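Q:
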Amino acid sequence: MSTRARRTALALAGASALVFGGAAIAGAHVTVSPEEASAGSYTVLTFSVPHGCDGSATTEVAIDIPDAVAGVTPTLNPNWDVELLKDDGSPAEGEPASRIVYTAHEPLPDDLRDAFELSVAMPDQAGETLAFPVIQTCEQGQTAWDEIPEDGQDPHELERPAPTVVVVEAEDDGHGGASDGSGHGGDGSGGDGQTDEGTADDVAAGDGTAGDGSDTDALSVAGLGAGVVGIVLGGAALLYARQRIRAQH
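Residues in the sequence shown are numbered from 4 upward in steps of one, following the working numbering.
#1: So which of Glu63, Glu109 and Asn82 has the shortest CA-CA distance to Arg102?
#2: Hey, out of Ala165, Gln143 and Thr167, whose CA is closest to Asp57's CA?
#3: How would you call Thr34, buried or exposed, if buried means at least 16 neighbouring beta carbons within 10 angstroms?
#4: Ignore the nearest five residues each way along the sequence and tell me which others in Leu48's own chain have a CB closer than 6 Å to its CB.
#5: Among the residues of its own chain, which have a CB less than 8 Å from the CB of Ala165, if the five just before and after it don't count?
#6: Starting from Phe135 and walking both ways along the beta strand (DSSP E), at which residues does that stretch end?
#7: Which residue wins for smallest C-alpha separation from Gly97, given the options Tyr105, Leu87, Thr106 and Ala73?
#8: Among Tyr105, Pro37 and Ala71, whose alpha-carbon lies nearest the alpha-carbon of Gly43?
#9: Taking DSSP as the reference, what is the three-state secondary structure of Glu96?
#10: Which class does Asp154 belong to by DSSP, given the choice of helix, strand or coil?
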């Protein structure tokens with residue numbers, strides 16, 4: 004191998020190590036998906052726990068809820084008990100929860116992952132980055148995923164970053180949200196007043212189609228009759244011509 008080829012190979016290997024090494028480190032963190040949510044929306048956030056604490060199985064996952072969140076509803080996970088707690092650690096009991104705690108029925112092995120879903124009411128104003136610190140408790144040890152980057156700091160530089168969600172402007176697609184009944188209309192109007200009209204158009208289109216079918220049948224019968232008449236006339240003409248030829252001979 005030439006010196007130039009060897010240098011190229013080493014450069015590619017180094018770049019690959021940086022890319023895949025960075026991906027492996029990021030994959031080892033507790034993460035949240037999606038990382039963006041529309042302002043004023045209800046968004047289901049999925050928190051993924053990819054491993055235990057330095058080889059120890061996970062027994063509890065506690066997710067802190069930012070003050071800017073208007074409300075949160077956890078999804079049941081069949082392998083875990085779930086509690087909604089206030090700031091002082093007491094049960095929320097209908098009050099806004101500041102922490103969601105999942106406790107494992109059986110410890111989650113270090114080489115297995117699990118995910119936890121929360122339906123979150125996002126703030127009405129866009130532009131804020133919400134941090135959801137996670138405390139992962141294991142049979143031996145505990146890991147706090149609670150580091151928040153300083154202004155201008157790359158979050159990938161953090162060893163144990165808190166999962167974050169950016170609140171973005173809501174997209175107005177002209178169909179309205181679920182809260183206003185659009186698309187779910189119990190009155191059958193479809194929310195935008197077009198369902199009934201569309202149904203009427205469909206009925207009219209159906210009638211027109213049926214009429215076209217009748218006209219087509221009539222034309223088919225007429226065409227068949229004309230064909231029969233043509234055959235008869237053609238046969239008569241042929242017979243007449245043969246008779247004339249015989250008469251001439």
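Glycine included, each C-beta is placed from N, C-alpha and C at the ideal position.
What you are looking at is a predicted structure, and each value in this text was computed from that prediction instead of being measured.
A: This is what the structure holds:
#1: Residue mapping note: residue 102 aligns to position 99 of the sequence shown, counting from 1. Nearest C-alpha to Arg102: Glu63.
#2: On the sequence shown, residue 57 is found 54 positions in, with the first residue counted as 1. Comparing Cα positions, the closest option is Gln143.
#3: The count along the sequence shown starts at 1 and reaches residue 34 at position 31. The residue is buried, with at least 16 neighbouring Cβ atoms inside 10 Å.
#4: Looking up residue 48 in the sequence shown gives position 45. Answer for Leu48: Val35, Leu121 and Val123, listed in chain order.
#5: For the purposes of this step, residue 165 is identified with residue 162 of the sequence shown, where counting begins at 1. Within the same chain, Ala165 has close Cβ partners Ala134, Phe135, Pro136, Val137, Trp148, Asp149, Glu150 and Ile151.
#6: Counted from its first residue, the sequence shown places residue 135 at position 132. Taken as a continuous stretch (DSSP letters only), Phe135 belongs to no beta strand (DSSP E), as it is neither H nor E.
#7: Numbered from 1 along the sequence shown, position 94 holds the residue referred to as residue 97. Considering only alpha carbons, the answer is Leu87.
#8: Indexing the sequence shown from 1 puts residue 43 at position 40. Nearest of Tyr105, Pro37 and Ala71 to Gly43, Cα basis: Ala71.
#9: Working through the sequence shown from its first residue, we reach residue 96 at position 93. Of the three classes helix, strand and coil, the one that applies to Glu96 here is coil, per DSSP.
#10: In the sequence shown, residue 154 corresponds to position 151, counting from 1. Residue state, collapsed to three classes: coil.
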